[in-house]
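The structure appears below as structure tokens.
Protein chains: 2
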Amino acid sequence: MDLLVTYDVDTTSAEGRRRLRRVAKLCEGHGLRVQQSVFEIVADDKSLLELLDQLNATIDADTDNIRIYRLPARAFDDVQTLGIAQTQPHRQDLVL
Amino acid sequence: MDLLVTYDVDTTSAEGRRRLRRVAKLCEGHGLRVQQSVFEIVADDKSLLELLDQLNATIDADTDNIRIYRLPARAFDDVQTLGIAQTQPHRQDLVL
């Protein structure tokens, strides 16, 4: 499934800034960064559960905010972009 | 249609910070803020075109980055949230 993960992590403390880096690193392990706090992720059920577990173990549930949207097929290709935003190649083209 | 608008605006200059505030204000006119740089927007074709025109006229296309994802029906209700993130009531329940 195709997911969009967006987050706000409270960075008013050194601990918060550490969490922010950790959240970004976790998301980098699962998908492509398209903005400062936005990742496009292709995942199956197992890797989504793994990511959710990792994120839950990382964030401060009283201050941080993570949203995970399930997108329709090809939404990554159909995203409308303005400015320097670009579509990302999540799947290599097949050469037969 | 249901849209998710995410943005990164270069805030290294006072002019950039002005653009950031303007982008947020434009999005506020069309939907609900769910994170610092993420808005959930319900729009018809006309208001989407209007928003795109306004955003294009506001951003610096060489530094800023806006992405607009079209979401499936009810995606705003089905969003998976961690921490303090909450689902947002875009449409009032009908009382018959």
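Order-wise, the sequence lines are chains L and V. So the first sequence is numbered by my numbering: it starts at 20 and just counts up by one. So the second sequence is numbered by my numbering: it starts at 20 and just counts up by one. No residue lacks a Cβ here, since even glycine has one placed at the ideal position from N, Cα and C.
Chain-order list of chain L residues neighbouring D72 of chain V: empty, with the shortest C-beta distance near 11 Å, by a criterion of under 9 Å. The stretch 72–80 of chain L and the stretch 39–55 of chain V do not touch, with fewer than three beta-carbon pairs separated by less than 8 Å. With fewer than three CB-CB distances shorter than 8 Å, the stretch 30–39 of chain V does not count as touching the stretch 92–103 of chain V.
For R52 of chain L, the three-state secondary structure derived from DSSP is strand.
The Cβ-Cβ distance between D21 of chain L and F95 of chain L falls below 8 Å. V61 of chain L has a beta carbon lying at 8 Å or more from every beta carbon in chain V. The contact set of G35 of chain L on chain V, defined by CB atoms closer than 8 Å, is empty, because the minimum CB distance reaches about 12 Å. For the pair L51 of chain L and F58 of chain L, the CB atoms are nearer than the 8 Å cut-off. In this structure, V24 of chain L lies near I60 of chain L, with their beta-carbon atoms less than 8 Å apart. At a cut-off of 8 Å between beta-carbon atoms, P108 of chain L makes no contact with chain V. Between the alpha carbons of G48 of chain L and A80 of chain L lies a distance of about 22 Å. The straight-line gap separating the alpha-carbon atoms of R38 of chain L and V53 of chain V is approximately 20 Å. The stretch 35–84 of chain V contains, as complete beta strand (DSSP E) runs of 3+ residues, the segments 50–54 and 57–61 (chain order). A residue is called buried when at least 16 other Cβ atoms come within 10 angstroms of its Cβ; D63 of chain L does not meet this threshold and is exposed.
Excluding the 5 residues flanking it on each side, S56 of chain V has same chain C-beta neighbours closer than 7 Å at T25, Y26 and D27, in chain order. For chain L, the residues of the stretch 21–46 of chain V that bring a beta carbon within less than 8 Å of one of its beta carbons are L23, T25, Y26 and D27, in chain order.
Take the alpha-carbon of T77 of chain L and the one of R86 of chain V: they are about 27 Å apart.
Taking 8 Å as the threshold, the shortest C-beta distance from L68 of chain V to chain L does not fall below it.
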